[in-house]
Each structure stands twice: as C-alpha cells, then as structure tokens.
Amino acid sequence: RSRLLACAICILAAVIVSASLAVLSRLQGGGTEMDGPLAIVAFGTTTSEGGIGTCVDGAIVGLLRAKLAGLAASGAPTTTTSAPAGSDSLSPFLGKWPHEMVCRDCWSQASVVALHGGVAARLGQAPLDSKVPVLNVGDRNGVAVSEDEAFLALRSMRPGLGRVLIVGHPHRVPYLVLLGVSAGFRVLVLPSDQYDALHWVDYGCDAVGYDGSAEGTSASACTSIPETQRRFATYHHLLQSGRKFTDEGKKALAAANQTSYATFNLLGTVLHCSP
70 RSRLLACAIC ILAAVIVSAS LAVLSRLQGG GTEMDGPLAI VAFGTTTSEG GIGTCVDGAI
130 VGLLRAKLAG LAASGAPTTT TSAPAGSDSL SPFLGKWPHE MVCRDCWSQA SVVALHGGVA
190 ARLGQAPLDS KVPVLNVGDR NGVAVSEDEA FLALRSMRPG LGRVLIVGHP HRVPYLVLLG
250 VSAGFRVLVL PSDQYDALHW VDYGCDAVGY DGSAEGTSAS ACTSIPETQR RFATYHHLLQ
310 SGRKFTDEGK KALAAANQTS YATFNLLGTV LHCSP
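For the sequence shown, our numbering assigns the number 70 to the initial residue and increments by one for each residue that follows.
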C-alpha cells in the first residue's frame with residue numbers, strides 16, 4: 070500500500086507540474102527586457118504545501134518590514150549583519166548560488182513588491198511601510214492562486230518587468246527560481262546571511278526554518294523536504310525536455326538544480342529523516 074501511495078503522490082506531482090507549465094507557457098513572447106525594472110516577489114506558505122508551517126510567514130514579513138522600512142526612511146536598505154554561527158543559522162544548510170544571481174542591494178532597486186500566500190495574508194492586515202507599490206499576486210477575486218499563476222498575474226499587472234528578486238523559505242527558493250525562469254524573468258536571490266539575520270527561532274521556527282523550536286528540528290522538515298524535492302525534480306525534468314531557454318536561463322536552471330540537491334542532501338544527512 071505504501072508503494073501505491075508513493076506512486077499516487079508522484080502522479081499527482083506530475084499533474085500539478087504539467088498544469089504549471091501550461092500556465093507559464095502563456096507568458097512566452099511577452100517581450101521581457103531582462104535588465105528591465107525589478108520586482109521583489111515574496112512567497113509565504115500555501116494551502117497546498119505541507120510541512121514548512123506558518124512560522125516562515127512571520128519571518129519573511131519581518132524581513133520585508135526591516136528592509137523596506139529602512140528604505141522608506143533613508144532611501145537606502147537597512148544594513149544587515151550576519152548572524153553568529155549557532156542553532157539559528159541557516160547558512161550551513163543552504164547551497165551556493167552563483168554570484169551573478171545573488172543580489173544584496175536589490176531592495177533599493179525595486180519598482181514594485183509582490184506578495185503571495187501567507188505573506189500576503191499577513192500584510193493585508195498590517196500593510197508594509199514601502200515607498201514602492203505593493204501588489205497581492207496570490208489572490209484572484211477572492212480565490213487563492215498558485216505560485217506559477219502569481220508570475221502570470223505579476224506580468225499582467227507590470228508588463229515591463231524584467232527581473233524578480235525571489236524571497237521565501239530558502240529551501241523552496243530553487244523551485245521558485247524554476248517558475249521565474251520559465252516565466253521569462255531574470256531571477257535573483259538573496260545572500261544567505263540576510264536569511265540568517267532573521268533569527269528564525271524568534272518567529273517560532275526551528276533551526277532550519279520550519280515550525281518547531283530552538284531545541285531541535287521538528288518533524289515538519291522531514292515532511293516538507295521530500296515533497297519539495299519531488300516537485301522540483303519533476304518540474305526541472307519537464308522544463309529540460311520541453312522548453313528552450315537563453316544561456317542565462319540555462320545557467321539559472323542549472324544553479325537551481327545544484328542548489329536544491331546540495332541543500333536536500335545535506336539536510337538528509339544532518340536531520341536523519343526516515344525514508
């Protein structure tokens with residue numbers, strides 16, 4: 070029965086990914102300028118996603134508030150220092166993105182901030198103090214939309230965008246990079262020390278950013294990591310076999326693949342999750 074369940078999960082993942090590709094294929098031919106205006110796109114938890122938990126929503130909201138409040142006050146992003154090595158440091162658990170994809174100062178370059186999932190829900194109740202427009206790309210007429218549809222909504226609202234800085238749980242960022250590249254954007258990511266500076270345990274997260282505590286990593290990490298890895302692997306395979314990309318897009322896809330597996334392999338070794 071466990072094998073049948075595993076097969077069913079894999080089939081469901083393939084169906085979801087195929088639907089995502091169908092959505093994102095509508096974005097091709099949009100005339101994106103790869104060095105055009107930049108959007109900060111912040112992703113929180115969604116109802117279709119298990120394991121990470123809502124603590125990450127509070128952490129990402131905290132990061133946005135700190136960075137964008139500093140920008141509104143002074144015209145320059147708030148300085149972030151690395152967290153000391155310890156139980157609340159995520160850096161040892163993250164892969165390495167190529168330097169050309171890492172953007173430390175993108176906060177000051179943004180022309181718009183787009184919100185999705187639990188981050189949008191939280192900030193809908195207490196809006197950001199931001200000098201740039203803030204959009205909710207996770208909702209269409211009161212109905213929640215998926216991450217791939219969020220990119221479609223962003224393109225519709227801001228057709229001239231060329232670059233997106235993806236902000237979210239670091240273990241989901243590789244998957245979100247696939248979606249962004251497939252949508253025709255030049256995708257950028259944050260340096261790991263900006264995630265470390267959050268002190269995740271202050272938001273009720275465990276040492277690697279899942280619902281838990283500072284005393285130890287919760288079982289939610291062992292639930293979410295394999296699910297995210299399966300979805301990433303399925304989507305990456307379909308992209309490689311069915312789409313053509315620019316050289317920059319190919320490099321981003323390769324970097325997402327390497328980062329994803331480096332992260333998950335390390336976590337599997339450290340967390341000793343049962344198969």
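For each residue, glycine too, the CB sits at the ideal point set by N, CA and C.
Keeping to the same chain, check which residues put their C-beta closer than 8 Å to that of residue i; ignore five residues upstream and five downstream.
i, result
"D198", "R134, L137, A138 and A141"
"R209", "E218 and A222"
"G105", "G229, L230, G231 and R232"
I need the boundaries of the alpha helix (DSSP H) containing residue i, first residue and last residue.
i, result
"R241", "Segment: none, R241 is in no alpha helix (DSSP H) and carries neither H nor E."
"A219", "E216 to M226"
"V258", "From DSSP, V258 is part of no alpha helix (DSSP H) but of the beta strand (DSSP E) over R255 to V258."
"S261", "S261 to D265"
Counting only the same chain and skipping the five closest in sequence on each side, list residues whose C-beta sits under 6 Å from that of residue i.
i, result
"P167", "A324"
"V110", "A183, V233 and I235"
"F254", "V233"
"V339", "none"
"S225", "none"
Which residue marks the beginning of the beta strand (DSSP E) containing residue i, and which one marks its end?
i, result
"L184", "A179 to H185"
"V203", "V203 to N205"
"F314", "Where F314 is concerned, there is no enclosing beta strand (DSSP E), given that its DSSP letter is neither H nor E."
"V110", "L107 to F112"
Assuming residue i contacts residue j (C-beta within less than 8 Å), just tell me the rounded distance between them.
i, j, result
"M170", "A266", "Between A266 and M170 the Cβ distance is about 20 Å, and since that is not below 8 Å, they are no contact."
"L107", "S180", "6 Å"
"V188", "D126", "6 Å"
Drop a sphere of 10 angstroms on the beta-carbon of residue i, count the other beta-carbons inside from all chains shown, and report buried for 16 or more, exposed for fewer.
i, result
"H240", "buried"
"N326", "buried"
"T328", "buried"
"H306", "exposed"
"T150", "Here T150 scores only 40 on pLDDT, less than 50, and its place in the model should not be relied on; the value that follows carries that caveat. Label assigned to T150: exposed."
When you compare the CB of residue i with every CB in chain D, is at least one pair closer than 7 Å?
i, result
"V125", "The structure shown contains no chain D; it is built from a single protein chain."
Going by CA-CA distance only, name the one from the options that's closest to residue i.
i, options, result
"K200", "Q178, A189, T123 and D126", "Q178"
"R173", "Y330, D316 and Q263", "Q263"
"C124", "C274, H305 and F301", "C274"
"Y272", "G105, T115, T114 and A128", "A128"
Got a sec? Which residues, its chain only, sit under 7 Å from residue i by beta carbon, not counting five neighbours each side?
i, result
"E216", "F112, H185, L245 and L248"
"L308", "L247, S251 and L322"
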